[in-house]
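**Q** The numbering of the sequence shown is this note's numbering, which starts it at 150 and goes up by one.
Where is the CB? At the ideal position from N, CA and C, for every residue including glycine.
Pasting in a structure now, in structure tokens, and then I'll have a few things to ask.
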Amino acid sequence: MPRRATTPSLTWDDGAILTVDQRYLPHEHRTLRLTTVHQLVDAIKTLAIRGAPAIGLAGALGVALSAYRHHTADGLDEAAVRADAERIAAARPTAVNLSWAVRHVLTRLPEGPRALLAEATALLAQDVAAGRAAVTRAADLVESLTPDRPLRVLTHCNTGRLATAATGTALGAILELADRGRIAEVLVDETRPLLQGARLTAWELGEAEVPYRLCVDSAAPAAMAGGLVDCVLVGADRIAANGDVANKIGTYALAVAAARHRIPFVVVAPESTWDRELADGTGIVVEERDPAEVTSVLGTPVAPAGARVHNPAFDVTPGDLVTAIVSEHAVVRPYATRGRLATELAAFSR
Ligand code: MRU
């Protein structure tokens, strides 16, 4: 069995947050050493640190970083830390993990910087454990939903160890299936416009020695129609109480195509991604990003100067297109919960 990389994606080192700069992977491995909240917010906004669980954990460490910087002989400037925490939580709006983790760590503010760091470090450990539990559960589920032969699975964006503390979510489940000898091939969407699939998922799969092929995002529905896909596995940035799922732009199209071809569509995400205060996905704020991400490809302009752009970073997949959502604690089937299309679900559960 190939050795799995277990290096934590984020660590605390003597007053600084250390991480790999995901913008330069896979061709350059640059370590980022973040010593100010300003640097951290910039790293999150520019996707040097990305993936819902990872930005939540970075945010948690950021609150501790702020507390150490605002702690003097006169004590802790709590107002300054709260202001920094607000800036961190607002760095990206869609993934609920970020604001959740920042709020969670802030509950220890009166106890001082050490307590905040201990809470952030505990969240990192929890994410590793949650990831392990969720990927095992997800792999079990996929085995129960699919034919008994090595599988062709399709994934979108990057949901591997880089996007979490260490284990990954959907990609972690794919690696778990590979360890069980159940993966024939992974079809990896390149994930326009920032190519998280082509740059990061392909790299993680190669590192783990799991066979994969890259495809442009628009090739995925035809691949499903052509019988090249047994299951779709993706992560999530925010899940509403009814099971509507916000994830990387392009996910909704995959869910529609998977439903059309009766292919299981499985979401793997830790409980910290659920936003149970939101009744449904209509309340999810979808981040709109810089037009230059669309008008240029890797820094080279392709569109005519002045082209207007629609660049949502995420979309929302209605829960009734989702076969199952798997967390560290449960398998939730929004389809079944709503009692809709129960016959199709039964067909999935063969
Ligand atoms: O814009 P990104 O790269 O942060 O988007 C990431 C995704 O959409 C992932 O699928 C999601 O955060 C889950 S990561 C385990």
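Between G392 and chain C, is any beta-carbon pair separated by less than 9 Å?
**A** Structure shown: chain C not included; a single protein chain is present.
**Q** Taking its Cβ as the centre, do 16 or more other Cβ atoms sit within 10 Å of A491, making it buried, or is it exposed?
**A** By one-based count along the sequence shown, residue 491 stands at place 342. Per-residue confidence for A491 stands at a pLDDT of 41, beneath the threshold of 50, marking its modelled position as unreliable; the derived number appears in the next sentence. Exposed, since its Cβ has fewer than 16 Cβ neighbours within 10 Å.
**Q** What is the DSSP secondary structure of N246, reduced to helix, strand or coil?
**A** Taking the first residue of the sequence shown as 1, we reach residue 246 at position 97. Looking at N246 - three-state DSSP - the assignment turns out to be helix.
**Q** Whose CA, out of L382, T431 and P202, lies closest to the CA of L294?
**A** Residue mapping note: residue 294 aligns to position 145 of the sequence shown, counting from 1. Considering only alpha carbons, the answer is L382.
**Q** In the DSSP assignment, what residue or residues form a beta bridge with P461?
**A** As a position in the sequence shown, residue 461 is number 312, starting the count at 1. P461 is bridged to E437.
**Q** Buried or exposed for T316, going by 16 or more other Cβ atoms inside 10 Å?
**A** Residue numbering aside, residue 316 sits at position 167 when the sequence shown is read from its first letter. Per the 10 Å Cβ criterion, buried.
**Q** Please go through the same chain and pick out, in chain order, the residues whose beta-carbon is closer than 7 Å to the beta-carbon of I433, but skip the five residues on each side of it.
**A** The count along the sequence shown starts at 1 and reaches residue 433 at position 284. For I433, where only same-chain residues beyond five positions count, the Cβ hits under 7 Å are T243, R387, A389, A395, L427 and V465.
**Q** State yes or no: is the C-beta of G330 nearer than 8 Å to some heavy atom of ligand 1?
**A** For the purposes of this step, residue 330 is taken as the residue at position 181 of the sequence shown. Not under cutoff, so the answer is no.
**Q** Is it true that the region 281 to 295 meets the region 306 to 326, where meeting means three or more beta-carbon pairs spaced less than 8 Å apart?
**A** Yes, since at least three Cβ pairs between the region 281 to 295 and the region 306 to 326 fall closer than 8 Å, the two stretches touch.
**Q** Buried or exposed, going by whether 16 or more other CB atoms sit within 10 Å of the CB of A479?
**A** Numbered from 1 along the sequence shown, position 330 holds the residue referred to as residue 479. A479 should be labelled exposed.
**Q** Using only the alpha-carbon positions, how far apart do A369 and A351 sit?
**A** In the sequence shown, the residue the question calls residue 369 occupies position 220. In the sequence shown, the residue the question calls residue 351 occupies position 202. C-alpha separation (whole angstroms): 16 Å.
**Q** Ignore the nearest five residues each way along the sequence and tell me which others in R182's own chain have a CB closer than 8 Å to its CB.
**A** Stepping through the sequence shown from its first residue, residue 182 is reached at position 33. Same-chain partners within the cutoff: D162, A165, I166 and L167.
**Q** Which term fits G468, buried or exposed, when burial requires 16 or more other beta carbons within 10 angstroms of its beta carbon?
**A** In the sequence shown, counting from the first residue as 1, residue 468 sits at position 319. Buried, because 16 or more other Cβ atoms sit within 10 Å of the Cβ of G468.
**Q** Excluding sequence positions up to five away, which residues of its chain have a Cβ less than 6 Å from the Cβ of V481?
**A** Position 332 of the sequence shown holds residue 481. Once the five neighbours on either side are set aside, the close Cβ partners of V481 are I474.
**Q** Check whether the Cβ atoms of A264 and R257 sit closer than 9 Å, and answer yes or no.
**A** As a position in the sequence shown, residue 264 is number 115, starting the count at 1. As a position in the sequence shown, residue 257 is number 108, starting the count at 1. Yes. Within cutoff.
**Q** Can you name the start and end residues of the alpha helix (DSSP H) that Y217 belongs to?
**A** Stepping through the sequence shown from its first residue, residue 217 is reached at position 68. Start and end: A201 to R218.
**Q** Buried or exposed: which applies to G392, given that a residue is buried once 16 or more other Cβ atoms fall within 10 Å of its Cβ?
**A** Taking the first residue of the sequence shown as position 1, residue 392 is located at position 243. Buried, by the Cβ-count rule.
**Q** Would you kindly work out how many angstroms separate the C-alpha atoms of D276 and Q171, rounded to a whole number?
**A** In the sequence shown, the residue the question calls residue 276 occupies position 127. In the sequence shown, the residue the question calls residue 171 occupies position 22. Looking at the two C-alpha atoms, the distance is approximately 19 Å.
**Q** Measure how close the beta-carbons of A517 and V190 come, nearest whole angstrom, since I'm counting them as under 8 Å.
**A** Lying before the first or after the last residue shown, residue 517 is absent from the chain, which here runs from 150 to 499.
**Q** Going by beta carbon distance, what residues of the same chain come within less than 6 Å of G200, once the five residues before and after it are set aside?
**A** To locate residue 200, count along the sequence shown from 1; it is residue 51. Answer for G200: A312, listed in chain order.
**Q** Between A327 and A357, is the Cβ-Cβ spacing less than 9 Å?
**A** The residue given as residue 327 occupies position 178 in the sequence shown. The residue given as residue 357 occupies position 208 in the sequence shown. Yes. Within cutoff.
**Q** Could you tell me whether any non-hydrogen atom of ligand 1 is closer than 8 Å to the CB of A271?
**A** As a working mapping, residue 271 is identified with position 122 in the sequence shown. It does not: the Cβ of A271 is nowhere closer than 8 Å to a heavy atom of ligand 1.
**Q** Within the continuous beta strand (DSSP E) that includes R182, where are the two ends?
**A** Position 33 of the sequence shown holds residue 182. Run containing R182: T180 to L183, per the beta strand (DSSP E) assignment.
**Q** Go ahead and pull the three-state DSSP assignment for V251.
**A** What you label residue 251 is simply residue 102 of the sequence shown in a count that begins at 1. Looking at V251 - three-state DSSP - the assignment turns out to be helix.
**Q** For P461 versus E436, is the C-beta spacing smaller than 9 Å?
**A** In the sequence shown, the residue the question calls residue 461 occupies position 312. In the sequence shown, the residue the question calls residue 436 occupies position 287. Closer than 9 Å, so yes.
**Q** In this structure, how does DSSP classify E353 when only helix, strand and coil are distinguished?
**A** The sequence position of residue 353 within the sequence shown is 204, counting from 1. Helix, per DSSP.
**Q** Please list, in chain order, all residues of the same chain as G224 whose beta carbon is under 8 Å from its beta carbon, the five residues on each side excluded.
**A** By one-based count along the sequence shown, residue 224 stands at place 75. Closer than 8 Å at Cβ, skipping near neighbours: no residue.
**Q** With a threshold of 16 other CB atoms inside 10 Å of the CB of H178, please say whether the residue is buried or exposed.
**A** As a first step, residue 178 is located in the sequence shown; it is residue number 29 there, counting from the start. With fewer than 16 Cβ atoms within 10 Å of its Cβ, H178 is classed as exposed.
**Q** Once the 5 residues before and after R301 are set aside, which same chain residues still bring their CB inside 6 Å of it?
**A** On the sequence shown, position 152 is the one that residue 301 refers to. Cβ within range, chain order: A333, E334, L377, V378 and D379.
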